[in-house]
Amino acid sequence: MTENFPSGERRRRTVLKSLGVLGVTAAAAGPAVTAQESAGSTADYHQALRDELTASSRQQKQLPAGSYVYGTTEEAAIDAFSLEGGGTETEIQVDTDAVSITKAERLEIPDASDDPAEYAYRGEITDRSFDEGELLLAVAYVRSESDDSEANAAFGYRDAESDGIASGDNFVQRGAAIEPSGEWMRYFFPIEVDSKPAGTDQIPTLEFHTGYAEQTIEFGGIALFDYGESDVSLETLPPYDYEGRAEDAEWREAARDRIEEIRKTDIEVAVLDPGGQPMDGATVDLEMTDHEFDFGSAVSVEHVTGESEDDERYRETFLENFNRAVVENGLKYPAWEGDWDIDNDATRATLEWLNERDIPTRGHYLLWEEYNNAGGGGMNVDPDQSAAEIEAEISEKIENHATEFEGQVSDWDMHNHPIWQSNFRDDDELGWDAVDRWWSVADEATDAGLYTNEMGAIGGQWQRSQYYDYISSLVENDYPIDGIGLMGHHQQQYNQLLDVADMIAGFDQFAEFGLPLLVTEFDIEIFDRRNAQDVAVQADYLRDFLTVAFSKEAVEGVLSWGFWADDHWRPTGAYYDSNWSLRAHGEQFRELVFEEWWTDETGETDDDGIYTTRGFKGSYTVTAEKGALSGETTVTDDETESVTVELTPPGKGDKGSKGKGSTGSN
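Below, the structure written as C-alpha cells:
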C-alpha cells in the first residue's frame, strides 16, 4: 500500500532517523539521570512523568529514574515515530487540563487488515543497543472516537532490509492490548528484552499496530525508559496484574457452582382462586427487592443529614445500591466526644434515618488500642493516667457507647485493629487482663453482635497469620466473639491485589472458626484514573473479589468503605465520580449485584396451581394474575420456599405491603 504523508513530513522523519533521534542518551547510559536529562533540559511532561514514577509514595512500586530513549521532549518523541503501511498522520495540539501532554499525532487508518501490524506506528532505535534481559518501560497516551478502536503495542527487533514488522517474539510482557476511548488515557508497556536475532541490521523497535479497523486513533506522550542494570524487577513495572484474572481461569466454575448451591433457593408459589382452590395457568411475577447477602457501605453523617443537591443525591445513591450500613466516623470516640467536627445530634439523625428504612447498621467501634486519634480513631484517653484509671475510663466509654446505641446498631466492631495496634496489651500494667474485662463489659452492655476487625488479612495478607492467631486465642478462651471482620482495603502501591488462590485461601482459613465472616471496609485504590490499565484491573479485581466472597458460605456480606469520590478517603476507589457518573468498577458492582445475582422471573402455574423456580435468597414481591383476577404478597429470605398468593377480583382484597426495598434493581 502507498504511504501517504503530509507534504515534506516523510523527508523530515527520514533525515531525523538518519542522524539519530535528538535528545537521546548514549548507548552505555545507565539508570541514573544523565547530564542530557538534567532538570534544566527535561521538558515539563517528561520531568513530571519521571517524578511520578520515582515518587516515594509509590512505596513497593517506586521505580528508579531510568534514562529516556526517545528524547526528553514531546516533540523529540513525535519525531521518532512514523506511520508505516499507509494512512495519514497529522501532528495535533492537545488542549485539555485533564492530561499533562500538549502534542500528539492523529493517525487515519484507511481499512482493516488481516494482519493488524500492516499499519504500524513505529519508532526505531538506532543510537543504542540493549542486552538480553534488560528492562524497559514504554508509556503512551491514546484516544479515539472511532467505534471499536483497537491497537496493540509491540517491542522487538526489525530487520532493516525488510518492510515487515519487528521480527521475533513481542517483548512486551503484559498489557499490550489497547482499547482507546474518547478521552485521553495512559497505557504502560513493560518490556523485557530478549536475545537479538542473527544479522547485522536488526533494529530495536517500539511500535503500535493499528490495522484492526478503519479508525482514527491518536497517540501522545510516548516515552520509553531504559532501566539498564537498575535494581528493578519486572513485577515492579506497571501495569499491574494478579493471578486468576483471566476470564477462563479454573477457579470460576467452582465459584459459580458454590453460588448456585449456597446463595440460591428453590421458590414455590401456590396461586389460589377467590374460592381458595388452585388456579392453573396464572401468570406469576417474582420481583426481587433485596439480597439476603449484605452489600453495604460506610456512610457520612454530613451527607446523610445535609440539605444540598449532592446530599440528596448521596442518600438516593446509597439506597439504590446498598442494604447495610456503617457510620464511617460519627461513632468514633474523637467524634462523639467533640474533638472532631461532627455533631452528635447529626450522628443520631443518621442512625434514625437508616433505621427508619430498615437498613441494618454497624457500630464502628467500641475498642481500639490507641490513646489518641492520630491513626484515625482510638480511645481518646490521656496516656499519662495510671493503668487503673485508663482501664476504668475505657470500661466506662465502652459501656456508655454500647448502651447509648442499643437497638440502633446491629453489631459492633468490638475490637478494632487488634494486630496493627496493641498498645494496651503491650503495657505490662494493662495487658490481656484489661482487654478481657473490656470484652466482658461490652458483652454485658449490649445484645448487638461483637466482631473483631482488622486489615491485612484479606486486603493484602501481611497480617493474616497474626490475626488468625489472635482469633484463635479469643475462641479458645471463650470470648464472646460473634463474628470476624476482615477489612478489604487494597492499594496498588503496596501490592495488595491478591492472587485469587491467596484470596480463597484467606477466606477458607478464617472460616475454620465457624463464625460469620464480614468484609467490613472494602475498597480498591489505584494510582491514577487516567491509567487505562489500572482502571481495567480495578474493575476485574472487584468482580473477582466479590465473586469469591459471595461464593463462600461463611461470608455474610461485603461493606464498601464509601462510594462517592468527593467523600471517600481514597478517592480513586469510589464507585461514583465527583459528578456522580458511575465508574467502570461501579458498573461492575451493579452488574453483579443487580443483574447476575438478581432474580426477576415470570412464569405460569401448572395444573396444580404451582409455579416453581430457583432464585437468589432475599426478599421478593410476588404477584399473580389470571384474567381480571390478581393478587400480591411480599416475602423475605427463608419464606420464599413456600409462597401463597390469593387472587381477588378487581377492587377486592388487600395486595399487601411492598417490602422494605432497601436495595433496588433500578
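First residue of the sequence shown? That's 1 in the UniProt record's numbering, and the numbers climb one at a time after it.
Here a beta-carbon is modelled for each residue, glycine too, at the ideal position from N, C-alpha and C.
Following the DSSP letters along the chain, one finds Ala154 inside the beta strand (DSSP E) bounded by residues Ala151 to Asp159.
By the CB criterion at 8 Å, Leu450 and Ile481 fall inside the cutoff. Secondary structure of Met379 (DSSP, three-state): coil.
Taking 8 Å as the cut-off, the Cβ atoms of Val271 and Ala584 do not count as close. Straight across, the Cα-Cα distance linking Ser297 with Tyr141 is about 34 Å. Counting the other CB atoms within 10 Å of its CB gives Thr403 a total below 16, which places it among the exposed residues. In the three-state DSSP reduction, His489 falls in the strand class (E or B). The continuous beta strand (DSSP E) containing Arg106 extends over residues Lys103 to Ile109. In this structure, the alpha-carbon of Thr73 lies about 11 Å from that of Leu49. DSSP places Gln277 outside both helix and strand once states are collapsed to three, so it counts as coil. From the listed residues Asp443, Met379 and Ser395, the smallest Cα separation to His417 is found for Met379. Tyr187 has Ala140 as its beta-bridge partners, per DSSP.
For the pair of segments examined, the region 216 to 231 was found to touch the region 146 to 155: the number of CB pairs separated by less than 8 Å reaches three. For His417, no beta strand (DSSP E) run applies, since DSSP gives it neither H nor E. Between Gly407 and Ile394, the alpha-carbon positions lie close to 22 Å from each other. From the listed residues Gly228, Phe188, Arg158 and Asp169, the smallest Cα separation to Gly199 is found for Arg158. Taking 8 Å as the cut-off, the beta carbon of Gln493 is found closer than this to the beta carbon of Arg58. Taking 8 Å as the cut-off, the beta carbon of Thr446 is found no closer than this to the beta carbon of Ser410. In this chain, the beta strand (DSSP E) harbouring Ser560 covers Val555 to Ser560. Of the other Cβ atoms in all chains shown, 16 or more fall within 10 Å of the Cβ of Ile342; this residue is therefore buried.
Unbroken beta strand (DSSP E) runs of no fewer than 3 residues, entirely contained in the region 282 to 328, are found at 283 to 291, 294 to 299 and 325 to 327, following chain order. By the Cβ test, the region 205 to 212 is in contact with the region 116 to 132, since at least three Cβ pairs between them sit closer than 8 Å. Fewer than three pairs of CB atoms, one per stretch, sit closer than 8 Å, so the region 242 to 258 makes no contact with the region 566 to 585.
Residue range Gly449 to Glu454 is occupied by the beta strand (DSSP E) that includes Leu450, with no alpha helix (DSSP H) assigned at that position. One Cα belongs to Glu399, the other to Trp598, and the distance between them is close to 40 Å. Counting C-beta pairs with one atom in each stretch, the region 313 to 324 and the region 348 to 361 have three or more that are closer than 8 Å, which means they touch. With contacts defined as CB atoms closer than 8 Å, Thr572 and Arg530 fail to qualify as a contacting pair.
Annotated three-state conformation of Asp523 is strand, per DSSP. For Tyr470, the enclosing alpha helix (DSSP H) has its first and last residue at Arg464 to Glu476.
Rounded to the nearest angstrom, the gap between the Cα atoms of Glu454 and Ala176 is 37 Å. A direct Cα-Cα distance of roughly 4 Å separates Glu91 from Glu105. The Cβ atoms of Val519 and Gly488 sit closer than 8 Å to each other.
Spatial neighbours of Thr96 in its own chain (CB-CB distance under 8 Å, excluding positions within 5 residues in sequence) are listed in chain order as Trp184.
The three-state reading of DSSP puts Leu366 in coil, since its state is none of H, G, I, E or B. Taking the C-beta atoms as reference points, Asp499 is found nearer than 8 Å to Glu243.
Trp569 sits in coil when the DSSP states are folded into three classes, being neither helix nor strand.
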